[in-house]
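Here the working numbering is used: the first residue of the sequence shown is 6, the next is one more, and so on.
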Amino acid sequence: MANLDRKTALHAQYLDAMGIQRWVARSSAVPEAGVAVTKPGQDFVADAADGSVALLDWDTLQARVAACTLCGLHQTRTQTVFGVGDRNADWLIVGEAPGAEEDRQGEPFVGRAGQLLNAMIEAIGMKREQVYIANVLKCRPPGNRDPQPGEVAHCEPYLQRQVELIRPKIILALGRIAAQNLLKTDTRVGALRGKVHRYSTGAGDATGVPLVVTYHPAYLLRSPGEKRKAWLDLQFAVKISRGAT
Ligand code: SF4
6 MANLDRKTAL
16 HAQYLDAMGI
26 QRWVARSSAV
36 PEAGVAVTKP
46 GQDFVADAAD
56 GSVALLDWDT
66 LQARVAACTL
76 CGLHQTRTQT
86 VFGVGDRNAD
96 WLIVGEAPGA
106 EEDRQGEPFV
116 GRAGQLLNAM
126 IEAIGMKREQ
136 VYIANVLKCR
146 PPGNRDPQPG
156 EVAHCEPYLQ
166 RQVELIRPKI
176 ILALGRIAAQ
186 NLLKTDTRVG
196 ALRGKVHRYS
206 TGAGDATGVP
216 LVVTYHPAYL
226 LRSPGEKRKA
236 WLDLQFAVKI
246 SRGAT
């Protein structure tokens, strides 16, 4: 019973970090599982070096990324930020690109936004170590500017290979940059929320991985009033990850 109480208290703590009043957890206001099949185009640069990225295993993929000079961002990075977490995870969480702290530490989502992401993960009953976290870009854009299309095109095969290796049950896209680049759309985040999209790597992957869109934790820190929507998105994503499409 003591363990149960502690677990309940911890969960309440994570919900507090999300700015969620606890009654919301029992709300039925989860977005409906409308299915919007949005497959990314196949017009990405097909190789991230010599066309063999699609064949790489984890270690060689990580080494390839660490040595990558395909776009100009290699000139200003401290190090690449490959991704972190369980390589057999059910959940793949994808953000935009490393920031200053991520560039320093070599890990995605550290710092305040990372702490909020951890709270979001814990709020749905998982730990950071149980998911896999990566970004659209593996190197930091100077001054945290938006990624440029050419940079995304060069870097995308690395993320695609990560998706193929992980085979997640769901991809959670955090924020505009991740969502729009993964789905090859310029639709705003607000309109992409509450729908099941599909991310296809194109490698014998006809239906693709279910993909749900929510707000980026950095945005939620600036706009805490939106945390409730993010909480609904997380609940929706849990439902989809359990096969409720
Ligand atoms: S952002 Fe991606 S493509 Fe550009 S140098 Fe880094 S790893 Fe290579």
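C-beta: ideal position from N, C-alpha, C; glycine also. Model, not experiment: these values are computed from the prediction.
Do residue j and residue i come within 8 Å of each other at the CB atom, strictly closer than that value?
i, j, result
"Tyr-220", "Val-194", "yes"
"Asp-91", "Gln-153", "no"
"Gly-88", "Ala-139", "yes"
"Leu-97", "Ile-182", "no"
"Tyr-19", "Glu-107", "no"
"Leu-187", "Ala-178", "yes"
"Glu-156", "Leu-66", "no"
"Leu-61", "His-159", "no"
"Gly-100", "Gly-207", "no"
"Leu-121", "Pro-222", "yes"
"Ala-105", "Pro-146", "no"
Between residue i and the rest of its own chain, which residues show a CB-CB distance below 7 Å, the 5 nearest in sequence each way excluded?
i, result
"Thr-287", "Because residue 287 is not part of the residues shown, which for the chain are 6 to 250, the question remains open."
"Gly-213", "Lys-44, Arg-203, Tyr-204, Ser-205"
"Asp-48", "At Asp-48, the pLDDT of 37 sits below 50, so the modelled position is not reliable; the number obtained from the coordinates is stated separately. Once the five neighbours on either side are set aside, Asp-48 has no close Cβ partner at all."
"Trp-63", "Arg-92, Leu-170"
"Ala-184", "Ala-178, Val-194, Leu-197, Val-218"
"Thr-83", "Asp-108, Arg-109"
"Glu-112", "Val-86, Val-89"
Can you give the Cα-Cα distance for residue i and residue j, rounded to whole angstroms?
i, j, result
"Arg-109", "Thr-81", "12 Å"
"Ala-17", "Ala-118", "19 Å"
"Val-141", "Lys-132", "22 Å"
"Lys-200", "Val-217", "7 Å"
"Lys-234", "Phe-114", "20 Å"
"Ala-59", "Asp-21", "42 Å"
"Ala-38", "Leu-197", "With a pLDDT of only 45 at Ala-38, under the threshold of 50, the placement of this residue in the model should not be trusted, and no figure is reported."
"Gly-248", "Ala-242", "10 Å"
"Val-168", "Gly-230", "32 Å"
Pull the bridge partners of residue i from the DSSP assignment, please.
i, result
"Leu-177", "Ile-98, Val-217"
"Tyr-137", "Gly-90, Leu-97"
"Arg-203", "Pro-215"
Which first and last residues belong to the alpha helix (DSSP H) in which residue i is found?
i, result
"Ala-235", "232-246"
"Val-168", "154-171"
"Gln-84", "Note, Gln-84: premise wrong, no alpha helix (DSSP H); not H, not E."
"Gly-195", "194-197"
"Met-125", "116-128"
"Leu-226", "222-227"
"Leu-66", "63-71"
"Glu-251", "Here the chain has residues from 6 to 250 only, and residue 251 is not among them."
Starting from the C-beta of residue i, find all residues in its chain whose C-beta is less than 6 Å away, skip the five residues before and the five after it, and write them out in chain order.
i, result
"Lys-244", "none"
"Lys-174", "Asp-95, Ser-246"
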